[in-house]
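Comments concern the structure below.
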Amino acid sequence: MPADSVRIAPVPEEQLVRVGFVRSAFRRVEIGALIGAVAVWLLFAAVAPGNWLSVTGVARILDPASTLGIMAIAVALLMIGGEFDLSTGVMTGTTGLVAGLLSTRMGWNLWPAMFVALLFALGIGYVNGMMVTRTGLPSFIVTLATFFVLRGANVGVTRLVTEQVYVGGIDKTAGFDLARAIFNTGIDVFGVEFRSSIIWWVVIAVLASWVLLRTKYGSWIFAAGGDANAARNLGVPATQVKVALFMTTATAGWLVGMMNIVRLRSAVASQGIGQEFVYIIAATIGGCLLTGGYGSVIGASVGAIIFGMAQVGIVFAGWDTDWFYSFLGVMLLAAVLVNNYTRRRAQEISLAAAKARTEG
Amino acid sequence: MAQKQPLLEVRHVSKMFGSVIALSDVSAQFYAGEVTCLLGDNGAGKSTLIKILSGVYQPTEGDYIFEGKKVVLNSPREALAMGIATVYQDLSLIPLMSVWRNFFLGEEPEKRFGPIKGYDIKFAKETVRSVLGQMGILIRDPDQPVGTMSGGERQSIAISRAIYFGAKVLILDEPTAALGVKQAGLVLHHIVQAKRRGLAVIFITHNPNHAWPVGDHFIILRRGRVLGDYRRDELTQADLMNLMAGGEDLVKLQQELAALLEAPLGVAGESPNVQEVISAS
Ligand SMILES: Nc1ncnc2c1ncn2[C@@H]1O[C@H](COP(=O)(O)OP(=O)(O)OP(=O)(O)O)[C@@H](O)[C@H]1O
Ligand SMILES: [Mg+2]
């Protein structure tokens, strides 16, 4: 509660100097990702203009970008909160298998099966968060362990139950049609099929960005990642914030897992493995600092679009798809260098202003 | 003043870290509307004492009395809730966060948007600008990350925040260390403003030139004990300088060093003596 004794005198407007355009542009967290997105777009527009500049092209790019974007948003929130999660990729597979096995082998309706998969994901996220905050071990190590445990269990349990490494026939379970309609279906726009996962992605991006920038929880996330001890001293429940963020990445993994099984009509034991790095890369391209306390949900979404463009563009250009990962490596490095440069520029400008103020 | 009840008091407090005695039998009173300077050499126990006051440590022995009542603090949050705010050199602000987010961290103003509550950013920015403006800090851009501000400005923001949220006790651990003359002056200004608003200010410093102009009450610690507890009118600035520098030991040290200069080279025996004096001070 503010003290009543403090008078608040309004500062006359003319004293407020408008921040220069260049400075505010440099200050944008997402600037590196935006520059990267424009560069990649121009590259493929030049190399493969025919397909690239069509509505089909856009639909093809947004397809992989949507599920990746949902994951990158959750991962970005966690990274801003100062932690990593390497079990996000495998989580998309695990949740799919849980729902798939319960519905096809136990004869459950798909909806309760999906609900149990969600509880399972929340449990894993909670355990990740508690282990990291209780032990003080780096989240990189803790979630690496979770990743391997789940990776082994995915194959082990699936083979034990089905004697194969995938769970098929999910489309024959009760409740499948509704699940497909809700989670991942094709929507016809201008005669081109767009995935409905794109709508999920956009809604989640807007929601997550609102929470991050316009609620107190957003401030707590930045503070938990920036300096958890200082935040705690000021009464921010930094531990709970971090645990909640781990549960958020697990929930995103569940959502994407459900989108995958209703689309593929089956769950594959190897689903999502290796994707965890792709999510981290998208978030990093989007401006997240690996040390925490800084980043953007919108930037992470732009990072996901860059991935979508690279994946589809390489095919359109007729290049060998083997080069996809090399391309990503270069993109990552370039984006991080741009982010680093602009952040330093923005700080130098601010610091010069601070000096002029106190010493001038 | 002396017959008034102290706002905050410790009685016969001791603190052990294993076998290290950081504080032993320390008693001190802190009054509202006064600046108490806590002085002493490195390792004297100043930081340990303020960590007890701010709830980071619990004393091994002794009592903690706030507003006349004995209390036991288990965390800095409990101290903060009672109105005891501590500004550490670097621990109180998040460098990558903007001024307004930092200022309201943990006390965010909220606004209703239909059924949901959001951060009242407009209020936060305007308030930060006017509160800091009153303290003589002109914030042109509340979105500026705190890490890009000067050290003096950061201290000022942390102090203004404590005052704004109604702190009764303001503890400052070496807020003027590593600051230039002008910036240290700014922080001293804020200390006096806090005192005028009726806060009990506890100010740790190594610099007698910073302590003397603002202090009403000086407590000198040495090796975990109270060496002296003086009101301002009981001292001169020269006395204070002497006390902080180690008092009589300094005179002794000067004599020893003078003797060393006179002595012929290569004579063994005098250097251990000088060292003994230095380590004793
Ligand atoms: N956590 C701790 N564990 C063990 N010993 C400690 C601990 N904290 C402080 N001490 C010891 O207690 C004594 C007092 O330390 P303290 O930090 O309070 O001194 P100080 O007066 O603040 O010194 P400075 O001026 O250098 O900041 C020192 O001998 C120190 O080594
Ligand atoms: Mg100290």
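Protein sequence lines correspond, in order, to chains B and E. So the first sequence is numbered by this note's numbering: it starts at 1 and just counts up by one. So the second sequence is numbered by this note's numbering: it starts at 1001 and just counts up by one. We treat Cβ as the ideally placed atom computed from N, Cα and C, and that holds for glycine.
- With 16 or more other Cβ atoms from the protein chains shown falling within 10 Å of its own Cβ, residue 1173 (chain E) counts as buried.
- Here residue 1117 (chain E) is bridged, per DSSP, to E:1112.
- Among the residues facing chain B, residue 1119 (chain E) is included, as its CB has a counterpart in that chain under 9 angstroms away.
- For residue 194 (chain B), the pairing in a beta bridge is given by DSSP as B:187.
- Residues are counted here when their Cβ sits less than 8 angstroms from a Cβ of chain B; for the stretch 1097-1129 of chain E these are 1097, 1101, 1104, 1105, 1106, 1107, 1108, 1110, 1117, 1118, 1119, 1121, 1126, 1127 and 1129, given in chain order.
- Our two residues, residue 1033 (chain E) and residue 1162 (chain E), have alpha carbons roughly 15 angstroms apart in a direct line.
- Runs of the alpha helix (DSSP H) spanning 4 or more residues and lying entirely within the stretch 283-343 of chain B occur at 297-316, in chain order.
- Shown here, residue 1012 (chain E) sits in a strand according to DSSP, grouped into three states.
- If the five residues before and after residue 1133 (chain E) are omitted, its C-beta is found closer than 8 angstroms to the C-beta atoms of 1139, all from its own chain and listed in chain order.
- Of the candidates B:138, B:41, B:189 and B:83, B:189 places its Cα closest to the Cα of residue 59 (chain B).
- Residue 1228 (chain E) sits in a strand when the DSSP states are folded into three classes.
- Using a C-beta cut-off of 8 angstroms, the stretch 1008-1020 of chain E makes no contact with the stretch 1139-1157 of chain E, since fewer than three inter-stretch Cβ pairs fall below that distance.
- Short of 6 angstroms from the beta carbon of residue 1170 (chain E), and not among the five residues preceding or following it, lie these beta carbons of its own chain, in chain order: 1085, 1162, 1194, 1199 and 1201.
- Per the coordinates, the alpha-carbon of residue 1155 (chain E) lies some 37 angstroms from the alpha-carbon of residue 334 (chain B).
- Proximity of the stretch 88-98 of chain B to the stretch 271-281 of chain B meets the contact definition, three or more beta-carbon pairs being nearer than 8 angstroms.
- Secondary structure remark: continuous alpha helix (DSSP H) runs of at least 4 residues inside the stretch 93-137 of chain B, in chain order: 110-135.
- Taking a Cβ-Cβ cut-off of 8 angstroms, the neighbours of residue 1092 (chain E) in chain B comprise 230, 233 and 234, given in sequence order.
- The stretch 1050-1103 of chain E contains, as complete alpha helix (DSSP H) runs of 4+ residues, the segments 1076-1082 and 1099-1103 (chain order).
- Close CB contacts of residue 82 (chain B) within its chain, under the 8 angstroms cut and outside five residues either way in sequence, are with 224, 225, 226, 228, 242, 291, 292 and 293 (chain order).
- A straight-line Cα-Cα distance of about 60 angstroms links residue 1035 (chain E) and residue 65 (chain B).
- Using a C-beta cut-off of 8 angstroms, the stretch 255-268 of chain B makes contact with the stretch 163-171 of chain B, since at least three inter-stretch Cβ pairs fall below that distance.
- Checking the 8 angstroms criterion, the Cβ of residue 1010 (chain E) is out of range of every heavy atom belonging to ligand 1.
- Against chain E, the CB of residue 183 (chain B) has no partner CB under 9 angstroms away; the residue lies outside that interface.
- What residue 219 (chain B) touches in chain E, judged by beta-carbon distance under 8 angstroms, is 1097, 1101, 1104, 1105, 1108 and 1119, going in chain order.
- The closest heavy atom of ligand 1 lies less than 8 angstroms from the beta carbon of residue 1047 (chain E).
- Each residue's CA atom was taken as its position, placing residue 303 (chain B) and residue 102 (chain B) some 35 angstroms apart.
- A direct Cα-to-Cα measurement between residue 76 (chain B) and residue 232 (chain B) gives close to 22 angstroms.
- C-alpha of residue 30 (chain B) to C-alpha of residue 172 (chain B): approximately 44 angstroms in a straight line.
- Taken in chain order, the unbroken stretches of alpha helix (DSSP H) that lie wholly in the stretch 220-249 of chain B and span 4 residues or more are 228-233.
- Annotation for residue 1207 (chain E) indicates a beta carbon at 8 angstroms or more from all heavy atoms of ligand 1.
- A Cβ-Cβ distance of about 14 angstroms is found for the pair residue 310 (chain B) and residue 72 (chain B), leaving them out of contact under the 8 angstroms criterion.
- For residue 1041 (chain E), the Cβ stays outside the 8 angstroms cut-off from all heavy atoms of ligand 2.
- The closest heavy atom of ligand 1 lies less than 8 angstroms from the beta carbon of residue 1018 (chain E).
- Taking the Cα positions, residue 1227 (chain E) is about 26 angstroms away from residue 1073 (chain E).
- Where residue 1196 (chain E) is concerned, the enclosing alpha helix (DSSP H) starts and stops at 1181-1196.
- Per the DSSP secondary-structure output, residue 1219 (chain E) pairs in a beta bridge with E:1038 and E:1229.
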